[in-house]
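Below is one structure; the comments refer to it alone.
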Amino acid sequence: MPIDETTLQQVSHLREQWAHEDNLINHRVGWLLQSQGLLLTAFAIFIQTWLTAGTDERIAVRPAMIAFPIVGMLSTAIIHDAIRMAVKAQAAIERRYARLPVNPEHWPLHPLPFASNAHNTAALMAQVFAVLWLLTLFWAIARVAG
-6 MPIDETTLQQ VSHLREQWAH EDNLINHRVG WLLQSQGLLL TAFAIFIQTW LTAGTDERIA
54 VRPAMIAFPI VGMLSTAIIH DAIRMAVKAQ AAIERRYARL PVNPEHWPLH PLPFASNAHN
114 TAALMAQVFA VLWLLTLFWA IARVAG
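Quick note, the sequence shown lines up with residues -6 to 139 if you use our numbering.
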């Protein structure tokens, strides 16, 4: 069955929207990795200071020992939500595509078999960082209190 011009334009538009959301996910994963790398590096410096410093320096570092894990969890949560929003937008685009009178063999919009797994992996990465920061917060509280 031939595809009419309007449907072809709708398919093309949906494909562009889907690709845009996919690029957003990729950028947000980059934000996640960069932000967590910077925060973990800074936190490692504070840990080094804590382990090698005297009492006065430890008192000065205390607020940062607690604040960095909290900031890490907050940034992870924000980026995780941003990733999830793009994944939901892609799912909505795919539902709109499924309602079009198009045979997927003629014009496959998506889904690549691994795409949803890749997006779940991106969200899982954020969850792993959140757990890491939570454990780091517990460790920091134990060190500062003890």
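Ideal Cβ placement from N, Cα and C applies to all residues, glycine included. Keep in mind the model is a prediction, meaning the values are calculated, not measured.
- Task: State the DSSP-derived secondary structure class of leucine 93, mapped to helix, strand or coil.
- Result: Under the three-state reduction of DSSP, leucine 93 is assigned to coil, being neither helix nor strand.
- Item | Whole-number beta carbon distance between isoleucine 72 and tryptophan 11, since they are thought to touch under 8 Å | Distance from tryptophan 11 to isoleucine 72 at the Cβ level is roughly 21 Å; contact not present, criterion being Cβ atoms closer than 8 Å.
- Query: Mind checking whether arginine 8 and alanine 75 have CB atoms under 8 Å apart?
  - Reply: no
- Taking only the alpha-carbon atoms, compute the straight-line gap between threonine 69 and proline 56 and give it to the nearest angstrom. Taking the straight line from one Cα to the other gives about 20 Å.
- So, is phenylalanine 122 buried or exposed, given that buried needs 16 or more other C-beta atoms within 10 angstroms? Classification for phenylalanine 122: buried.
- leucine 117 to arginine 77, Cα distance in whole Å? 10 Å
- Tell me whether the beta-carbon of glutamate -2 lies closer than 8 Å to the beta-carbon of alanine 82. no
- Message: Rounded to the nearest angstrom, what separates phenylalanine 39 and alanine 84 at their Cα positions?
- Response: 42 Å
- Where aspartate -3 sits in the DSSP three-state scheme: coil
- Message: So, with DSSP's three-state summary, where would you put alanine 46?
- Response: coil
- Neighbourhood of phenylalanine 107 by C-beta distance below 6 Å, restricted to the same chain and skipping five residues each side: Its pLDDT being 44, under 50, phenylalanine 107 is placed unreliably in this model, and the coordinates cannot settle the point.
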